[in-house]
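If you read the sequences in order, they're chains A and B.
Under my numbering, think of the first position of the first sequence as 1, with each following residue one higher.
Under my numbering, think of the first position of the second sequence as 1001, with each following residue one higher.
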Amino acid sequence: MSRRNFLKAGALAIGLALTAGTALAQDAIKIGLILPMTGPFTSTGKQIAAAAQLYMAQKGTTIAGRKVELIIKDDTGVADVTRRIAQELIVNDKVTAIAGFGLTPLALATAPLATQSKTPMVVMAAATGIITERSPFIVRTSQVVPQIAGPFGEWVAKQGMKRVVTVVTDYGPGHDVEKWFSDVFKANGGQVENLRVPLANPDFSPFLQKVADSKPDALLVFVPSGVGSQFMKQFVERGLDKSGIRLIGTGDVTDDDILNTIGDVALGVVTAHHYSAAHDSPENKAFVEAFRKANNGLRPNFMAVGGYDGMHALYEGLKKTNGAGGEALVEAMKGLAWNSPRGPMSIDKDTRDIIQNVYIRKVEKVGNELFNIEFATIPNVKDPSKAK
Amino acid sequence: MLTILFDGIAYGMVLFVLACGLSITLGLMNFVNLAHGVFAMVGGYVTAILMNRLGVPFLLTLPFAFLVPALLGLVLERTLYQRLYTRNHLDQVLFTIGLVFMAIAAVDYVMGSQPQLIQLPTWLRGRVDVFGVQIGLYRSFIIAVCGVLVVALQLILTRTRFGSQLRAAVDDPRVARGLGINTALVFAVTFAFGSGLAGLGGALGAEILGLDPTFPLKFLIYFMIVVTVGGTSSLTGPFFASLLLGIADVAGKYYVPSLGAFVIYTVMIVVLVFRPQGLFVKAR
């Protein structure tokens, strides 16, 4: 008898604990933000975290009468750590949504968890096309590589350039840029030569010499952001800037965060991207000013805007669902459209991926600082890899 | 074609200055120092900090890029390394690789993980046309500096009293001590000098190779290749090995870009198959 009583009491206690747990979770809406805050991708993490905190400072921390709590965790940019942290956040902290994801593998590793636990997952940085197809709970507010590289190929062809050499780092995003740019450029009557640079590559001189000898109209480059500056320096050192070869790329190489440290060698580089800190709109001016003020003068880059818009998507979604998560929240975020600091953007209701303007920009000096100045706009671009 | 050769030589020269310190400690002192790249990184960071934070001109930073790592090398040698001279190689490897990880974490903590960029003075930027060959100014500067270093090192080692003391201390420390040579001092100075050279290499190479906290690990493999291909008994070995590898790497990436990354390893394997002792070593 006593044994049975004991079991009953135990069951009751567990039941109580569970209800207490849910009651606690009801108190606050928790959002788990998983970012690389240390390691080689620290810049990504810092920008996104700062932007997310700025958004909460501006828009308040109450939705539907409940407090919103942001839990920032560091995954150091390693996929298995991301996955483990995501699991902890979902199981222990009972977060309503997870967000962040600085790199493609980090997002891919976590996708199955989002599906199993029906937790909405907002991707604020990773940019490979397939990510949103890996879980019906993923919503993206950053960019999609083909979305930038494809239209850029068309634009470059329209400028009358006939021959382009692409130099990309030999890894996933590099292949994406190479493929989408080349395909679209060729379809528009251009010729492309593709070169790939090993990921651990100390010296670009042989590749640049090859480009110099083949004398194309333009050189398209995609390398990880830190290495980009080295690439541009060697481009100028080799005198390629004076040889009539235009240096073009996706906006990653003229990232706002490092543009000033690259220095004057970046002047005149033409890139395509979805965000520039110099974007001319009242929303962006307010955003840049507030961001700088809150972060010691740091300039927001495209990562920051991804984080800011990611929080916006979550906030608006949560308002619609009255604070509920799960499938309802994903449904609520689908089709959202708003004026972001980057310009008009929306979440595609079919693919949950981002639809946004792609801007063509040129690096120019404004005052003492370098900026990407936008001079052409390709409006409302959907990810072409999913628009079949 | 000649431009490729030129770039390859410049690249090889940087590799040599970076690695020759290692060939001294490994070859002459018989000590496996995997933390060699740490000193190179320190040199690079000294230059970057002096230039970016204090506005010191590039050339003036180079002596510091030599002295600071040399001093650090001296301190570490006296306090830590000398205890390991008599230990077996496995202990040395474990100790120095641990040092590498500590250094990476420390630099990451203090300086942040972003790559450090330096702005070269204008007279070193750009390139000139010499008899139809395009020559980068900075790369010619590197070749000049390293060329002088090579000659000076070779002379010190073969023609000076210190050089002969060092060779004696390496060949037979006991007898050398018996003849009144202060071997501990000789080793300490040599170690410091090798570290300083690495620092100088790091500073010179920052523009070409890039500089971030993972530098010691990223380039460890290149140092090791230079030393194994060159052999460790002299300085001429690593010197020609550096040139060979530099040129092979650059030319390989130019002519067969799809295989470019592997050329340097292929060269290493081929050399070691035919000359397992290294290029310029008489078989024992």
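Ideal Cβ positions, reconstructed from N, Cα and C, are used throughout, including at glycine.
Predicted model, so just to flag it, every value in this text is computed and none were measured.
Contact between F152/A and A272/A is confirmed by a C-beta separation of about 4 Å, below the 8 Å threshold. Contiguous alpha helix (DSSP H) elements confined to the stretch 1102-1181 of chain B occur at 1137-1159, 1161-1171 and 1173-1178, taking only those with 4 or more residues.
Counting C-beta pairs with one atom in each stretch, the stretch 1013-1028 of chain B and the stretch 1199-1208 of chain B have three or more that are closer than 8 Å, which means they touch. Assignment of F1006/B by DSSP, reduced to helix, strand and coil, places it in the helix class.
In the structure shown, H274/A adopts coil according to DSSP, grouped into three states. Buried is the label assigned to D1007/B, since at least 16 other Cβ atoms lie within 10 Å of its Cβ. Contact of P216/A with chain B by beta-carbon distance below 8 Å is absent, the smallest such distance being about 15 Å. Going by beta carbons, S135/A and P105/A fall outside the 8 Å limit. V1263/B: member of the alpha helix (DSSP H) spanning G1260 to F1274, first to last residue. For P206/A, the enclosing alpha helix (DSSP H) stretches over residues S205 to S214.
About 5 Å separates the beta carbon of V1263/B from that of A1248/B, a gap short enough to meet the 8 Å contact definition.
Contact of G1112/B with chain A is assigned, a C-beta pair being separated by under 8 Å. Residue range H1036 to L1054 is occupied by the alpha helix (DSSP H) that includes G1044/B, with no beta strand (DSSP E) assigned at that position.
Residues of chain A whose Cβ lies closer than 8 Å to the Cβ of Y1254/B are, in chain order, P206, F207, Q209 and K210. The three-state secondary structure of G335/A, taken from DSSP, is coil. The distance from the Cβ of I1104/B to that of P1216/B is about 7 Å, consistent with a contact at the 8 Å cut-off.
The Cβ neighbour count for Q159/A, taken over all protein chains shown within 10 Å, is under 16; the residue is labelled exposed. At least one C-beta of chain B is nearer than 8 Å to the C-beta of G263/A. Close to V1250/B, with beta-carbon spacing below 9 Å, are these residues of chain A in chain order: D203, S205, P206 and Q209. Under the three-pair Cβ rule at 8 Å, the stretch 118-131 of chain A counts as touching the stretch 295-315 of chain A.
The CB of I1004/B comes closer than 7 Å to the CB of P206 and Q209 in chain A, given here in chain order. Fully contained in the stretch 319-371 of chain A are the following beta strand (DSSP E) runs of length 3 or more, in chain order: 337-340, 343-347 and 354-366. Of all residues in the stretch 24-58 of chain A, the ones placed with a Cβ closer than 9 Å to any Cβ belonging to chain B are T38, G39, P40, F41, T42 and S43, in chain order.
The beta carbon of Q191/A sits closer than 7 Å to those of K162 and R163, all from its chain and outside the five residues before and after it, given in chain order. Here the alpha carbons of D264/A and L370/A stand approximately 8 Å from one another.
Of the candidates V236/A, A57/A, S276/A and V330/A, V330/A places its Cα closest to the Cα of K349/A. By the neighbour-count criterion, in which a residue is buried when 16 or more other Cβ atoms sit within 10 angstroms of its Cβ, N301/A is buried. Under DSSP, A50/A forms no beta bridge with any residue. Taking a cut-off of 8 Å for Cβ pairs, the stretch 1058-1068 of chain B and the stretch 1208-1224 of chain B do not touch, as fewer than three such pairs fall below it. Ranked by Cα distance from G1237/B, the first of Q1092/B, L1022/B and A1010/B is L1022/B. The residue among Y55/A, A49/A and R66/A with its C-alpha nearest the C-alpha of A28/A is R66/A. Only buried fits H279/A, as 16 or more other CB atoms lie within 10 angstroms of its CB. According to the DSSP assignment, G153/A belongs to no beta strand (DSSP E) but to the alpha helix (DSSP H) extending over V145 to K158.
Using a 10 angstroms sphere on the CB of T141/A, the tally of other CB atoms reaches 16 or more, which defines it as buried.
Out of G325/A, P384/A and A313/A, the CA that lies nearest to the CA of S346/A is found in A313/A.
The beta carbon of P198/A sits closer than 8 Å to some beta carbon of chain B.
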